[in-house]
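Undergrad:
There are 2 protein chains.
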Amino acid sequence: MAKESTQVEILDAAAALIAERGYTATSVDDIALRAGVAKGSVYYNFGSKADILEAILQRGVGRLSELMSSAREGREGLDALEHMAAAAIEVIRDRTDFAKILAAEVFRVGRQWEESIGAVREAAISQFAEVIAPMRPDLDAHLAGGAVFGSVLVAGLEWMVFESDRPFEDVLAVVKALLGGLVKA
Amino acid sequence: MAKESTQVEILDAAAALIAERGYTATSVDDIALRAGVAKGSVYYNFGSKADILEAILQRGVGRLSELMSSAREGREGLDALEHMAAAAIEVIRDRTDFAKILAAEVFRVGRQWEESIGAVREAAISQFAEVIAPMRPDLDAHLAGGAVFGSVLVAGLEWMVFESDRPFEDVLAVVKALLGGLVKA
DNA sequence: GTCTATATTTGGATAGAC
DNA sequence: GTCTATCCAAATATAGAC
Chain A
10 MAKESTQVEI
20 LDAAAALIAE
30 RGYTATSVDD
40 IALRAGVAKG
50 SVYYNFGSKA
60 DILEAILQRG
70 VGRLSELMSS
80 AREGREGLDA
90 LEHMAAAAIE
100 VIRDRTDFAK
110 ILAAEVFRVG
120 RQWEESIGAV
130 REAAISQFAE
140 VIAPMRPDLD
150 AHLAGGAVFG
160 SVLVAGLEWM
170 VFESDRPFED
180 VLAVVKALLG
190 GLVKA
Chain B
10 MAKESTQVEI
20 LDAAAALIAE
30 RGYTATSVDD
40 IALRAGVAKG
50 SVYYNFGSKA
60 DILEAILQRG
70 VGRLSELMSS
80 AREGREGLDA
90 LEHMAAAAIE
100 VIRDRTDFAK
110 ILAAEVFRVG
120 RQWEESIGAV
130 REAAISQFAE
140 VIAPMRPDLD
150 AHLAGGAVFG
160 SVLVAGLEWM
170 VFESDRPFED
180 VLAVVKALLG
190 GLVKA
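Chains A and B are the protein sequences, given in the same order.
10 is the number of the first residue of the first sequence in the numbering used here; add one for each residue after it.
10 is the number of the first residue of the second sequence in the numbering used here; add one for each residue after it.
1. Going by the CB atoms, is the gap between residue 29 of chain B and residue 117 of chain A shorter than 7 Å?
2. Would you please verify whether the beta carbon of residue 83 of chain B is less than 7 Å from any beta carbon of chain A?
3. Anything in the region 149 to 172 of chain B with a Cβ closer than 9 Å to a Cβ of chain A? List those residues in chain order, please.
4. Using the C-alpha atoms, what's the distance from residue 185 of chain A back to residue 192 of chain A?
5. Between the Cα of residue 110 of chain A and the Cα atoms of A/177, A/52, A/163, which residue gives the shortest distance?
6. List the whole-angstrom C-beta distance separating residue 31 of chain B from residue 113 of chain B, where the pair is believed to meet the contact cut-off of C-beta under 8 Å.
7. In whole angstroms, what is the alpha-carbon distance linking residue 120 of chain B and residue 34 of chain A?
8. Between the Cα of residue 134 of chain B and the Cα atoms of B/151, B/145, B/190, which residue gives the shortest distance?
9. Quick check on the burial criterion: 16 or more other C-beta atoms within 10 angstroms. Buried or exposed for residue 6 of chain B?
10. Using 8 Å as the threshold, is the region 128 to 145 of chain B in touch with the region 68 to 83 of chain B, meaning 3 or more CB pairs across them?
11. How many Å lie between residue 88 of chain B and residue 138 of chain B at the Cα?
12. Cα separation between residue 6 of chain B and residue 173 of chain B?
13. Listed from N- to C-terminal order along the chain, which residues in the region 26 to 40 of chain A have their beta-carbon within a distance smaller than 9 Å of any beta-carbon of chain B?
14. Pull up the distance between the alpha-carbon of residue 156 of chain B and that of residue 42 of chain A, whole angstroms please.
15. Using a threshold of 7 Å, state whether the C-beta atoms of residue 198 of chain B and residue 90 of chain B are closer than that.
16. Using only the alpha-carbon positions, how far apart do residue 169 of chain B and residue 142 of chain A sit?
17. Is residue 117 of chain B close to chain A? Criterion is C-beta to C-beta, closer than 7 Å.
18. Might you give, ordered along the chain, the residues of its own chain that have their beta carbon closer than 7 Å to the beta carbon of residue 74 of chain A, omitting 5 neighbours on each side?
19. DSSP three-state label for residue 193 of chain B, please.
20. Give me the Cα-Cα distance between residue 63 of chain A and residue 145 of chain B, rounded to the nearest whole angstrom.
21. Would you please state the rounded distance, in angstroms, between the beta carbons of residue 148 of chain B and residue 94 of chain A? I believe it to be under 8 Å.
22. Any idea what DSSP makes of residue 172 of chain B, helix, strand or coil?
23. Can you list the beta strand (DSSP E) stretches of 3 or more residues lying completely in the region 130 to 179 of chain B, in chain order?
24. Can you pull the chain B neighbours of residue 179 of chain A, defined as C-beta to C-beta under 8 Å?
25. Got a sec: is the Cβ-Cβ distance from residue 87 of chain A to anything in chain B below 7 Å?
26. Going straight from the alpha carbon of residue 108 of chain A to that of residue 160 of chain B, what length do you get?
27. Whole angstroms is fine: what's the gap from residue 13 of chain B's alpha carbon to residue 76 of chain A's?
28. Locate the alpha helix (DSSP H) running through residue 41 of chain A, then write down its first and last residues.
29. Where do the N-terminal and C-terminal ends of the alpha helix (DSSP H) with residue 67 of chain A fall, by residue?
30. Look at residue 190 of chain A and residue 187 of chain B and say whether their C-beta atoms are less than 7 Å apart.
31. Quick one, are the C-beta atoms of residue 40 of chain B and residue 25 of chain B less than 7 Å apart?
32. Within a Cβ cutoff of 8 Å, which residues of the same chain sit near residue 27 of chain B, ignoring the five residues on either side of it in sequence?
33. Short check: CB of residue 180 of chain B to CB of residue 126 of chain B, under 7 Å?
34. Residues of chain A with CB under 7 Å from residue 189 of chain B, in chain order?
35. Return no unless some Cβ of chain A is closer than 7 Å to the Cβ of residue 109 of chain B.
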């Protein structure tokens, strides 16, 4: 194990392909070709194809947790939610492949990488839920966190995939409008 | 072509498997086994594995369009949005497999069934967008439609997959809260 | 209309040279 | 640490019996 640059090439190539075609439809041959290395090198750097996806997920969850936590720090209520949403949208913009893979895998159970996917769910939905809970004790916090994360994820991907000419602020404005609905009248 | 019951068995089996593992990871053998028929019968009823997925998508989009259109009929503004969201949540509840496949495939481009998936996007996001546009000319209607549909889809699937003991009303309450944010202050 | 058997291709993983 | 060559299992699709 070593030569970090090769590993990053492999991870980036795999993320792009898996985001577009899905895990099973992406062959190790494809990954090697796109990364510009031989298949043997892929298996020198990663134990299996599943390990590659795990690594992609780990990298993504690290980034998402980090940015969302620091966006939340020292804030609460609507202010916290708005900053967390902005942070999440940034991750979707900068790691669109990861976001697509996430969208495809979050609601599947029983797959090999279920735990890693669960960690992303926690990082995103639960963090939103924790902030919402004291604001709206009348709502189920997890479902509300899911709804908020869903609006961020789908609006963010809709933006990156189909309307990438729009500015970041347009996406944020939409999400902020919906978040406003969580403030008690 | 005929014997509708066999076709429905195949479609249901395929939808369940594809929802859980994805299209490529689901073999025609698996589908035949779960449907309780031989592989030859699958190919007698459908031209290819891709055709099966197309049929699943068509069936789903039909149902979604139908329910959302009639929920919208004769209403406008927040009232229309709330009824449309309720209709969409019903579809997610009754056709959870279809909803999972949708979540996995909406943001992938260049696949064989891209058109059918596009039709679902239209049916869902555009219908929301049309209602939102006159309410909020300050927002990008498509992004807003995407955000609303995302909150419905993710909250709905979160409900069905991880919190199915909760009542329908809890999900609807969460989505209604967010929709309230779209009403101009 | 449904079955079993099989032709053919593809893909994950390993061995071993350099 | 990276390459090429190869093994073997799995999967799509078809042929043809019943």
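Yeah, the Cβ is synthetic: ideal placement off N, Cα and C, and Gly gets one too.
TA: In short:
1. Within the first sequence, the letter at position 108 stands for residue 117 of chain A. Within the second sequence, the letter at position 20 stands for residue 29 of chain B. Going by C-beta atoms, residue 117 of chain A is nearer than 7 Å to residue 29 of chain B.
2. Within the second sequence, numbered from 1, the residue matching residue 83 of chain B stands at position 74. Answer no: the Cβ-Cβ gap between residue 83 of chain B and chain A never drops below 7 Å.
3. 149, 151, 152, 153, 154, 155, 156, 157, 158, 159, 160, 161, 162, 163, 164, 165, 166, 167, 168, 169, 170, 171, 172
4. On the first sequence, position 183 is the one that residue 192 of chain A refers to. On the first sequence, position 176 is the one that residue 185 of chain A refers to. Approximately 11 Å between the Cα atoms of the pair.
5. Position 101 of the first sequence, counted from the start, is the residue given in the question as residue 110 of chain A. The residue with the shortest Cα to Cα distance from residue 110 of chain A is A/163.
6. Sequence index remark: in the second sequence, residue 31 of chain B carries index 22 (1-based). Sequence index remark: in the second sequence, residue 113 of chain B carries index 104 (1-based). 6 Å between Cβ atoms; contact.
7. One-based indexing of the second sequence puts residue 120 of chain B at position 111. One-based indexing of the first sequence puts residue 34 of chain A at position 25. Roughly 11 Å separates the two Cα atoms.
8. In the second sequence, counting from the first residue as 1, residue 134 of chain B sits at position 125. Out of B/151, B/145, B/190, B/151 has the C-alpha closest to the C-alpha of residue 134 of chain B.
9. Because chain B is modelled from 10 through 194, residue 6 of chain B falls outside the range shown and cannot be assessed.
10. yes
11. For the purposes of this step, residue 88 of chain B is taken as residue 79 along the second sequence, with counting starting at 1. For the purposes of this step, residue 138 of chain B is taken as residue 129 along the second sequence, with counting starting at 1. Roughly 14 Å separates the two Cα atoms.
12. Only positions 10 to 194 of chain B appear in the structure, and residue 6 of chain B is not among them; the question remains open.
13. 28, 29, 30, 31, 32, 33, 34, 35
14. The count along the second sequence starts at 1 and reaches residue 156 of chain B at position 147. The count along the first sequence starts at 1 and reaches residue 42 of chain A at position 33. Each residue's Cα considered, the two are about 36 Å apart.
15. Because chain B here runs from 10 to 194, residue 198 of chain B falls outside it and cannot be looked at.
16. As a working note, residue 169 of chain B is residue 160 in the second sequence. As a working note, residue 142 of chain A is residue 133 in the first sequence. Approximately 21 Å, taken between the alpha carbons.
17. By one-based count along the second sequence, residue 117 of chain B stands at place 108. It does: the Cβ of residue 117 of chain B has a partner Cβ on chain A nearer than 7 Å.
18. Against the first sequence, residue 74 of chain A aligns to sequence position 65. Hits under 7 Å: 132.
19. Within the second sequence, the letter at position 184 stands for residue 193 of chain B. Residue 193 of chain B falls in the coil class under three-state DSSP.
20. Working through the first sequence from its first residue, we reach residue 63 of chain A at position 54. Working through the second sequence from its first residue, we reach residue 145 of chain B at position 136. Near 41 Å, if we compare the C-alpha coordinates of residue 145 of chain B and residue 63 of chain A.
21. Your numbering for residue 148 of chain B matches position 139 in the second sequence. Your numbering for residue 94 of chain A matches position 85 in the first sequence. Incorrect: roughly 15 Å between the Cβ atoms, too far for contact.
22. For the purposes of this step, residue 172 of chain B is identified with residue 163 of the second sequence, where counting begins at 1. Residue 172 of chain B falls in the coil class under three-state DSSP.
23. none
24. Looking up residue 179 of chain A in the first sequence gives position 170. The contacting residues are 148, 149, 152.
25. As a first step, residue 87 of chain A must be located in the first sequence, where it is residue number 78. Closer than 7 Å: no.
26. Locating residue 108 of chain A in the first sequence gives position 99, counting from the first residue. Locating residue 160 of chain B in the second sequence gives position 151, counting from the first residue. For residue 108 of chain A and residue 160 of chain B, the distance between alpha carbons rounds to 16 Å.
27. Looking up residue 13 of chain B in the second sequence gives position 4. Looking up residue 76 of chain A in the first sequence gives position 67. When rounded, the distance between both Cα atoms is 52 Å.
28. The count along the first sequence starts at 1 and reaches residue 41 of chain A at position 32. 37 to 44 is the span of the alpha helix (DSSP H), which, as asked, contains residue 41 of chain A.
29. Sequence index remark: in the first sequence, residue 67 of chain A carries index 58 (1-based). First-last of the alpha helix (DSSP H) with residue 67 of chain A: 58 to 81.
30. Taking the first residue of the first sequence as position 1, residue 190 of chain A is located at position 181. Taking the first residue of the second sequence as position 1, residue 187 of chain B is located at position 178. Going by C-beta atoms, residue 190 of chain A is nearer than 7 Å to residue 187 of chain B.
31. Your numbering for residue 40 of chain B matches position 31 in the second sequence. Your numbering for residue 25 of chain B matches position 16 in the second sequence. No, they are not a contact pair.
32. Working through the second sequence from its first residue, we reach residue 27 of chain B at position 18. Closer than 8 Å at the Cβ level, and outside the excluded window around residue 27 of chain B, lie 35, 62, 65, 106, 110.
33. The count along the second sequence starts at 1 and reaches residue 180 of chain B at position 171. The count along the second sequence starts at 1 and reaches residue 126 of chain B at position 117. Going by C-beta atoms, residue 180 of chain B is not nearer than 7 Å to residue 126 of chain B.
34. For the purposes of this step, residue 189 of chain B is identified with residue 180 of the second sequence, where counting begins at 1. Correct list: 190.
35. Reading the second sequence from its first residue, position 100 is the one you call residue 109 of chain B. Closer than 7 Å to some Cβ of chain A, the Cβ of residue 109 of chain B qualifies, so yes.
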